[in-house]
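What the sequence shown shows, in the numbering used here, is residues 3 to 148, in sequence order.
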Amino acid sequence: MQRLRLARFVPRSLRLQSVVLLALAIGLTALLVVTVFLPRSMEQFKAELDKRGRAMAATLEKRSDLRLAIFQQDAAAATGILEAVASSDEDIEYVAILSAAHQPIASMDAQSLKAVRAERVAAHEEAARQERMVGQARHHFGERAN
């Protein structure tokens, strides 16, 4: 009796049985990945971000201009430093400089960082364009002189 009930749900063709078995295996694998490996990889990702942030903070700590900007609480100088830092690493989404009392001196969010990066790229492209023009002019006038 119990066997007959189960037989109703099992497909008769071997091909369909294979498809059902494969779908079941894929579903169980996905469930295993989501429940076991995803939380572990998220922890590793957070640890890596924390490690990179601490390394960047240690590197910035050595900059004398940053220490001076923090000491004087100079927002303009601190913003310039933030722009330099932000343009060097495209993974940065938010960066801030805090005083010793943990008060913000300067900060940049993702949109500001994108604008700074776009300005830097545009300036670089303009400099490269001008350099090409100068090279072409030298080549052109160099040929006439000969």
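Glycine included, C-beta positions come from ideal geometry on N, C-alpha and C.
Nearest CA to the CA of aspartate 107: which residue from Gly82, His141, Glu133? The sequence as given places isoleucine at residue 107; aspartate does not occur at that position. Nearest option by C-alpha distance: Gly82.
Candidates Asp91, Ser109, Asp76: which alpha carbon is nearest arginine 54's? Asp91
Bounding residues of the alpha helix (DSSP H) (the contiguous stretch that carries serine 109): Taken as a continuous stretch (DSSP letters only), serine 109 belongs to no alpha helix (DSSP H), being part of the beta strand (DSSP E) at 106–110.
If you run the structure through DSSP and keep just helix, strand and coil, what is alanine 117? helix
In three-state terms, what does DSSP make of valine 87? helix
Uninterrupted alpha helix (DSSP H) stretches inside the region 7–34 (no shorter than 4 residues): 16–34
In three-state terms, what does DSSP make of alanine 102? coil
When Leu84, Arg56, Gln74, Leu70 are compared against serine 114, the one with the closest alpha-carbon: Leu84
Return the CA-CA distance between glutamate 128 and arginine 134, expressed in angstroms with no decimal places. 10 Å
Own chain residues within Cβ distance below 6 Å of threonine 61, not counting five before or after: none
Rounded to whole angstroms, what's the CA-CA distance from leucine 150 to glutamate 121? Just pull it up for me. For the chain, the structure presents residues 3 to 148; residue 150 sits outside this window and is missing.
Quick check: what's the CA-CA separation for glutamate 95 versus methionine 110? 8 Å
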